[in-house]
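*Asks:*
Chains as they are written, first to last, in my numbering: chain U, 180 to 402; chain E, 5 to 268.
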């Protein structure tokens, strides 16, 4: 099972060490050790980029972390990238492993965004987009149709096409639909192809980034 | 003032021309005056399916180029009163006609007839735009398979954008056997996706090939189930309320099997 607080990933430009928000330096260090010991290949001599999902770690902490990586694992830190915008925690619809910070009031955060209502079915070849807020569809999203939103996507019908929530990289975004038969789901950078839900038809379902660090579709439980 | 109805589908080969020929004939058999317009410029077929290919002299292109009167270009079907075909030019292509020119032809035809059926070419480009330019209603033909349905869905979106209303659906080549053993989508699944009014379901029929080759529309064969389906669709188009028979009902046993195997 993958660790959800710190993840080591290989991208085209090399290894990335992705550190999730709302963590203290001690938590991060413990998680790094766990993640690296999980790897059965030696990482000696490799270079790594640190991706901080929010600027919760202090500059000195990052420096000491880089030093420790070099010392303990022989990993060279080639770059540190910090996401400017603090990532909002996921909605408290169901228990997740994401740490929910008590200081962030999710309701205010979502109310400040404009959301757009599309009062009809999205048919094949049609695209609806709301880059700054959430998208609500009174109908289906059919195969060949596409919906994209900066925030959440709510489909009051069957989702058969392509849905991309959190298009600006917000991994806390969710996709809610009556029925999931999509070709392609994407939340932030996470992609899932034709996910199958075990839940019965006609009951509201929610897709979000879950404990396995992948998109999961489950029954929607109201908070 | 007649009604101009475009028969379209998006995908090719699902039965637009067959449906146009049969609905045109069926409407004429029901004492309506009908013109079937072939909008598939460059790939004309409607004249063959209706068995009138040998009598085509002028085409819609000649009308547009003012080589002949519109009335002269219409080919009359001698088997039934009140049925005419406006053939498409075979030597031009779809870009040689403007949507406004098609609209002008349709508007002229509707003053003289009860129904103008426009047989649209496959695709969503100029050919489709030409065919739908003069239409105030549409019939979308689909077969119960995912690719035809996705294309039909696209076409419905375009028709809705063009404010063509109502849009009715024909499910063609429907096979109760395949639905029974779960390898074909059933009526409810198709309607659930496309979400428009169903005007008829035409069963799969190998007689279509013979009828196309002989140039005799199916509806003249009164015994055939697909001919009856087209006659019912024509009656519904004229405003009669005829229920759509459930072709899926093939006896108690298969119903029971369906009931047990369906999860819903």
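Think of the CB as a built atom: it goes at the ideal place given N, C-alpha and C, for glycine as much as any other residue.
Using a Cβ-Cβ cutoff of less than 7 angstroms, which residues in the same chain neighbour residue 208 (chain E) once the five nearest sequence positions on both sides are dropped?
*Replies:* 177, 178, 179.
*Asks:* Quick one: what's got a C-beta closer than 6 angstroms to residue 8 (chain E)'s C-beta in the same chain, skipping five residues either side?
*Replies:* Only 110, 114, 120, 138, 139, 140 meet the Cβ criterion.
*Asks:* If I measure Cβ to Cβ from residue 172 (chain E) and keep anything under 6 angstroms in the same chain, skipping five residues before and after, which residues do I get?
*Replies:* The beta carbon of residue 172 (chain E) lies closer than 6 angstroms to those of 143, 201, 203 in the same chain, with the five residues before and after it left out.
*Asks:* So what's residue 131 (chain E) in DSSP terms, helix, strand or just coil?
*Replies:* The answer is helix: DSSP assigns residue 131 (chain E) an H, G or I state.
*Asks:* According to DSSP, is residue 207 (chain E) helix, strand or coil?
*Replies:* strand
*Asks:* When Cβ atoms are compared, which residues of the region 225 to 254 of chain E fall closer than 9 angstroms to chain U?
*Replies:* For the region 225 to 254 of chain E, which is checked against every Cβ of chain U, not one residue is closer than 9 angstroms.
*Asks:* Name the chain U residues that come within less than 8 angstroms of residue 199 (chain E), Cβ to Cβ?
*Replies:* For residue 199 (chain E), the chain U residues whose Cβ falls inside 8 angstroms of its Cβ are 300, 318, 319, in order along the chain.
*Asks:* So, using beta-carbon positions, are residue 348 (chain U) and residue 323 (chain U) closer together than 8 angstroms?
*Replies:* no
*Asks:* Between residue 227 (chain E) and the rest of its own chain, which residues show a CB-CB distance below 8 angstroms, the 5 nearest in sequence each way excluded?
*Replies:* Counting only Cβ-Cβ distances below 8 angstroms, and skipping sequence neighbours, we find nothing.
*Asks:* With a 10 Å radius around its C-beta and 16 neighbouring C-beta atoms as the bar for buried, classify residue 309 (chain U) as buried or exposed.
*Replies:* buried
*Asks:* Quick check: is the beta carbon of residue 23 (chain E) nearer than 8 angstroms to any beta carbon in chain U?
*Replies:* no
*Asks:* Tell me where the beta strand (DSSP E) around residue 334 (chain U) begins and ends.
*Replies:* Unbroken beta strand (DSSP E) run through residue 334 (chain U): 332 to 338.
*Asks:* Excluding the 5 residues preceding and the 5 following residue 164 (chain E) in the sequence, name in chain order all residues of the same chain whose CB lies nearer than 8 angstroms to its CB.
*Replies:* 171
*Asks:* What does the Cβ neighbour count give for residue 214 (chain E), buried or exposed, with the cut at 16 atoms within 10 Å?
*Replies:* exposed
*Asks:* Round the Cβ separation of residue 92 (chain E) and residue 145 (chain E) to the nearest angstrom and send it over; I've been treating them as touching at under 8 angstroms.
*Replies:* Contact doesn't hold; Cβ gap of about 18 angstroms is too wide.
*Asks:* I'd like to confirm the pairing. Which residues does DSSP put opposite residue 161 (chain E) in its beta bridges?
*Replies:* Beta-bridge pairing links residue 161 (chain E) to no other residue.
*Asks:* Report yes or no: is there a C-beta of chain E within less than 8 angstroms of the C-beta of residue 396 (chain U)?
*Replies:* no
*Asks:* So which residues of chain E does residue 305 (chain U) contact, with C-beta pairs closer than 7 angstroms?
*Replies:* 161
*Asks:* Could you say which of E:192, E:195, E:194, E:232 lies nearest to residue 211 (chain E) if we only look at CA atoms?
*Replies:* E:232
*Asks:* In chain order, what residues of the same chain lie with their CB nearer than 6 angstroms to the CB of residue 180 (chain U), ignoring the 5 residues before and after it?
*Replies:* Low per-residue confidence applies at residue 180 (chain U): pLDDT is 39, beneath 50, and the placement is therefore not dependable enough to give any value.
*Asks:* So, residue 229 (chain U) versus residue 186 (chain U), is the Cβ gap smaller than 8 angstroms?
*Replies:* No, Cβ-Cβ distance for residue 229 (chain U) and residue 186 (chain U) is not below 8 angstroms.
*Asks:* Answer yes or no: do residue 295 (chain U) and residue 321 (chain U) have a C-beta to C-beta separation smaller than 8 angstroms?
*Replies:* no
*Asks:* Beta strand (DSSP E) containing residue 399 (chain U): first to last residue?
*Replies:* Run containing residue 399 (chain U): none; DSSP gives neither H nor E here.
*Asks:* Between which residues of its own chain and residue 132 (chain U) is the CB-CB distance below 6 angstroms, once the five residues before and five after are set aside?
*Replies:* Here chain U comprises residues numbered 180 to 402, so residue 132 (chain U) is not present and cannot be evaluated.
*Asks:* Can you give me the Cβ contacts of residue 117 (chain E) inside the same chain, cut-off strictly under 7 angstroms, excluding the 5 residues immediately before and after it?
*Replies:* The answer, listed in chain order, is 6, 37, 38, 39.
*Asks:* Between the region 147 to 160 of chain E and the region 9 to 20 of chain E, can you find at least three pairs of beta-carbon atoms closer than 8 angstroms?
*Replies:* Short answer: they touch.
*Asks:* Can you grab the Cα-Cα spacing for the pair residue 370 (chain U) / residue 239 (chain E), in whole Å?
*Replies:* 50 angstroms
*Asks:* From the DSSP output, in three-state form, read off residue 225 (chain U) for me.
*Replies:* coil
*Asks:* Would you check if the distance between the CB atom of residue 26 (chain E) and the CB atom of residue 223 (chain E) is smaller than 8 angstroms?
*Replies:* yes
*Asks:* Of all the residues that make up the region 320 to 331 of chain U, which are near chain E by a beta-carbon distance shorter than 9 angstroms?
*Replies:* 321, 322, 323, 324
*Asks:* Three-state secondary structure (DSSP) at residue 117 (chain E)?
*Replies:* coil
*Asks:* For chain U, is any of its Cβ atoms less than 8 angstroms away from the one on residue 218 (chain E)?
*Replies:* no
*Asks:* Counting beta carbon pairs with one atom in the region 120 to 132 of chain E and one in the region 88 to 103 of chain E, are three or more of them shorter than 8 angstroms?
*Replies:* yes
*Asks:* Given residue 338 (chain U), which residues of its chain have a CB within under 6 angstroms of its CB, disregarding the five upstream and five downstream residues?
*Replies:* Closer than 6 angstroms at the Cβ level, and outside the excluded window around residue 338 (chain U), lie 320, 356, 359, 361.
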